[in-house]
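Undergrad:
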C-alpha cells in the first residue's frame, strides 16, 4: 500500500529522517570494539575429507600451524661464531613463545637435536649445540658432524652451507597474529648486515594479512573521494554529493556494527563488505537524486516531488536491493567460513541500505528547499555522457538487430575464453599476497634451499598396538617415500620415523653408511627406541609418531602446492599401494598439511562455481519475475546478465587469471549487483508503445544514473588493485570488469532486445 499511495511516507517522514541518524550514531560508538584478526580456517572447507585428515593429524601430533625460519649468511657460511650465536638465540626464543609445540621445534640448535654416538650402555646422546658461544674447535667439530649426514645436510643446513632452517609448529588455539608478531620481531632483531632472515608458514601468512588490512583504510578514503568527485561532476551540486555519501556512510556503519554484533572480526572478506555497501548505496542513491533533480527543475512542490520519486522508485529499488542481497546470500552455500561471514555481514548492510535509500532520502529531500537543486541557465552543463546517450539511443533503435548480432559475436568469443579458465593459482607462494611480498620471497628461498615449503602429510594409522615397531611397516614407509621422490619431481624431500631408525642403526654400527637402513628384526627396532628413550629428551618423537608407536606421519616437502603436483603425489601413493605395499598393520591416509588443504579448497571451487551460478540465476530469475510479472521480459533481463558473465570469465581466461578463492564470489556478486542496472532501465522501458523518444528518455534519465552508478562502483572497486593484499586486488579487478560489462549490456543490449520485442508497435519519430 505504501508503494501505491505514499501516504504513509508523508505521514512518518520526520521519523524516517531522525531514526537512521540515531541508529548510525549508536553504530559509530560500537566501532571501538571491532578488532582485526584473520583465521585461516575460514579459507578452508571444514567438512572436506582432506580437511578431516588434516584435523586428525593435528589431534595426534599437535599443532600443524607450521612456521619455517631461515637464517642465511650474506657472506660465507653459517659456521661463523656470531651467526651461530643468532641461530641459537632464535631457536631458544621459540621455546618461550605461547602455544608452541615444543616437541616440533627443529633446527641445529633445537634441544632435541642430538649428537648420537655409540656409548658403553647403548647410545651416547648429547645436544648438538648446547650453548650460544662456540670456540673455533667446537665450530669445526660441529661442521664435520653435520657434513654428509642425511639428517642434517639439505634438511636443516643448505647444501651450500650458507643457510640453516628452523621449524616449529603451534597449537591451533594460538592467535596467528600473536605468532606473527613474535616471529617478525625475532627476525627483525637478528637481521643485520651479515644476516638475512626469511620466515613463512600458515600463521605467518595470516599475520601478514592482519598487518596489511589497516592500509585498506587509505584506499577506501581515496575511493570515496573519487566517488564524491564523480557525483559533483554529474550533478554540479554539493547536496547531490553530501546526501548520497552520507546515506551510504550510514549504511556502511550499520554493516560494521552488524559485524560486531555477530561476533565477527575484520578479515580480508568482512573488511570489503562496508565498502561494497557504501558503493552500492551511491549507486542506488543516484537514481533517487537524479529523478528528484529532474522533476524539481519544473518548479513543483518539493514534498510532492519527493512523494512522486518515492512512489516511482521504491519498488524497483527494493527489487534491486533484494537481488543484491540474493547475490551476497548465495555465498552462504559455499562451505568456506570466509564467504559465509561475508554473506551475513553484507545482508545486514543491505538491509540498512534499503531503509536509508528507499525511505531516508525521499524523506530528507522533502524538507530541503527546491532552490538548492534548481540550476540556472549558466549551470545547466551537459556532460559528455548526457550528450552521448541520446545519440546512442538513436543507434540502438535504428540498428537494434546489428547490436544483437555484435553482442552474440562477443558472447561466442567469451565462450572461447571460458574454456581457457583454470581452477586454482599454481604459482609459487600464496596467491593471497603479491608475488614480491616478503612472505612469497621467503617461500621461494625455503623452497630453493631446502627442497620445499609446502608440506604434504600422509597419516600412517596403525591397526594394532605398537604397529610401528615392525620392520615390514617401516620398510613400507621407506618404500613409499622413495617411490614418491622418484615419481614426482616436485617432491623435494621426505621425513618420517624411518630416517631416525636408520640413523640409530648407522650410529650403533660405528657410523658405517652401509648400515643406514632399517634393521631386519623387530626386536632390534624396539631396542633402539628403548635405549634412546633412556638417554634422549622426553617427547623427541612426538612430531613423528605418538608415544604408543601406533600412529605416525610421513611429511613430503613439495616445491609447489599446485593441483597438478598434489594429484601427482596422490597418484604415486595409490600406484605404490597397489603394487608394492606389504604390511596390512597400517593404513595410509592422505593428503594432509598445507598442500592437502589447498587441494580441498580447489576441489570446492570446482564444484561450487557452477552450483553458485545456477543457484543465483534461479533466485534472480524469481525476483525479477516477481517484479516484471512477465516471463518474456524477465528472460530479456536475464539474457544480458549471462552474456556479461560469459564475457567477463572469457576475458579472465584469455588473460590467464585463474578462478581462486578470491574470485569465487565474482559470479554471485556480479550477477546480484549487475541485474540492478537492467531493473532501473526496464522500469522505464516496459511500456506498450516503445518509441524512440521513450528509449531516449530512458537512457537520458535512468541510463545516465546507471552509467554514473556503474562508473562509481567500478572505479572505486578498481582502486583495490593498489591493495597489498592480492586477494582484494584480484577481486577488485575482476568485479570492476564485470560491473562495467553489465552496465554496457544494460544500456545497449537490453534496449535493443526491448526494441526487437516491440518492433511492430514501434513508430519512427525524429529526434529534435
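Residue numbers (my numbering): 12 to 779.
All C-beta atoms in this analysis are idealised placements derived from N, C-alpha and C, irrespective of residue type, glycine included.
1) What does DSSP give as the partner residue(s) for residue 212 in the beta ladder?
2) Round the Cβ separation of residue 255 and residue 284 to the nearest angstrom and send it over; I've been treating them as touching at under 8 Å.
3) Candidates 752, 756, 730: which alpha carbon is nearest residue 744's?
4) Leaving aside the five residues before and after residue 389 along the sequence, list all residues of the same chain whose C-beta is less than 7 Å from its C-beta, in chain order.
5) Kindly provide the ranges of any alpha helix (DSSP H) runs that are 4 or more residues long and lie completely inside the region 282-316, ordered along the chain.
6) Rounding to the nearest angstrom, what Cα-Cα distance links residue 474 and residue 484 in this structure?
7) Excluding the 5 residues flanking residue 125 on each side, which residues of the same chain have their C-beta closer than 7 Å to its C-beta?
8) Could you spell out where the alpha helix (DSSP H) holding residue 578 opens and where it closes?
9) Give me the residue from 103, 351, 303 with the minimum Cα distance to residue 122.
10) May I ask which residues mark the beginning and end of the beta strand (DSSP E) holding residue 4?
11) Suppose only complete runs of 4+ residues qualify. What are the alpha helix (DSSP H) ranges in the region 705-754, listed by chain order?
12) With the cut-off set at 7 Å, would you say residue 411 and residue 766 are in Cβ contact?
13) Which one of 753, 72, 28 has the shortest CA to CA distance from residue 378?
14) By the three-class DSSP mapping on this structure, what secondary structure does residue 175 have?
15) Could you check the C-alpha separation between residue 671 and residue 197 for me, to the nearest Å?
16) In terms of residues, what are the limits of the beta strand (DSSP E) holding residue 117?
17) Would a C-beta distance cut-off of 7 Å place residue 271 and residue 41 closer than the cut-off?
18) Can you give me the C-alpha to C-alpha distance between residue 781 and residue 318, rounded to a whole angstrom?
19) Could you check the C-alpha separation between residue 306 and residue 763 for me, to the nearest Å?
20) Taking the alpha-carbon positions, what's the residue 39 to residue 264 distance?
21) Express the C-alpha separation of residue 109 and residue 510 in angstroms, rounding to a whole number.
22) State the start and end residues of the unbroken alpha helix (DSSP H) segment that holds residue 451.
23) Among the candidates 182, 191, 640, 231, whose CA atom is the shortest distance from the CA of residue 733?
24) Here's a check: name, in chain order, each residue in its chain whose Cβ is nearer than 6 Å to the Cβ of residue 176, leaving out the five neighbours to either side.
25) Using DSSP with H/G/I as helix, E/B as strand and the rest coil, what is residue 195?
26) So residue 330 packs on residue 690, CB below 8 Å; how close in whole Å?
27) What residue from 542, 492, 347, 314 has the CA that sits closest to residue 128's CA?
28) Got a sec? Which residues, its chain only, sit under 8 Å from residue 53 by beta carbon, not counting five neighbours each side?
29) Between 710, 742, 76, 73, which lies nearest to residue 4 when the distance is taken from Cα to Cα?
30) Per the contact definition of three or more C-beta pairs closer than 8 Å, is the region 501-517 in contact with the region 598-607?
31) To which residues of the same chain is residue 31 closer than 6 Å at the C-beta, ignoring the five residues directly before and after it?
32) Classify residue 148 as buried or exposed, calling it buried when 16 or more other Cβ atoms lie within 10 Å of its own Cβ.
33) So if DSSP puts residue 137 in a beta bridge, which residue, or which two residues, is it bridged to?
34) Spell out a yes or no on whether the region 717-727 and the region 637-646 are touching, meaning 3 or more CB-CB pairs, one atom from each, closer than 8 Å.
35) Under the three-state reduction of DSSP, which class applies to residue 778: helix, strand or coil?
36) Check each candidate in 171, 299, 152 and name the one with the smallest Cα separation from residue 714.
TA: The answer reads as follows:
1) 78
2) About 19 Å separates the two Cβ atoms, so there is no contact after all.
3) 730
4) Only weak support exists for where residue 389 lies, its pLDDT of 42 falling under 50; the value from the coordinates is given anyway. Hits under 7 Å: none found.
5) Qualifying alpha helix (DSSP H) stretches, in chain order: 283-307.
6) 11 Å
7) If we look at residue 125 and ignore the five residues flanking it on each side, its Cβ neighbours are 136, 137, 138, 139, 547.
8) Here the alpha helix (DSSP H) through residue 578 covers 574-590.
9) 103
10) There is no way to answer for residue 4, as the model of the chain reaches only from 12 to 779.
11) 715-729
12) yes
13) Selected option, being the one with the closest Cα: 28.
14) strand
15) 33 Å
16) 111-117
17) yes
18) Nothing in the structure corresponds to residue 781, since the chain is present only between 12 and 779.
19) The straight-line gap from Cα to Cα measures roughly 27 Å.
20) 6 Å
21) The alpha-carbon of residue 510 is positioned some 30 Å away from that of residue 109.
22) 449-461
23) 231
24) Counting only Cβ-Cβ distances below 6 Å, and skipping sequence neighbours, we find 81, 167, 461.
25) Residue 195: helix per DSSP, three-state reduction.
26) 6 Å
27) 542
28) 278, 280, 347, 348, 349, 352
29) What the structure shows of the chain is the stretch from 12 to 779, and residue 4 is not part of that stretch, so it cannot be assessed.
30) no
31) Same-chain partners within the cutoff: 261, 367, 371.
32) It counts as exposed.
33) 126
34) They do not touch, by the three-pair rule.
35) Low local confidence applies: a pLDDT of 39 at residue 778 is under 50, so the model's placement there is unreliable, and no value is given.
36) 299
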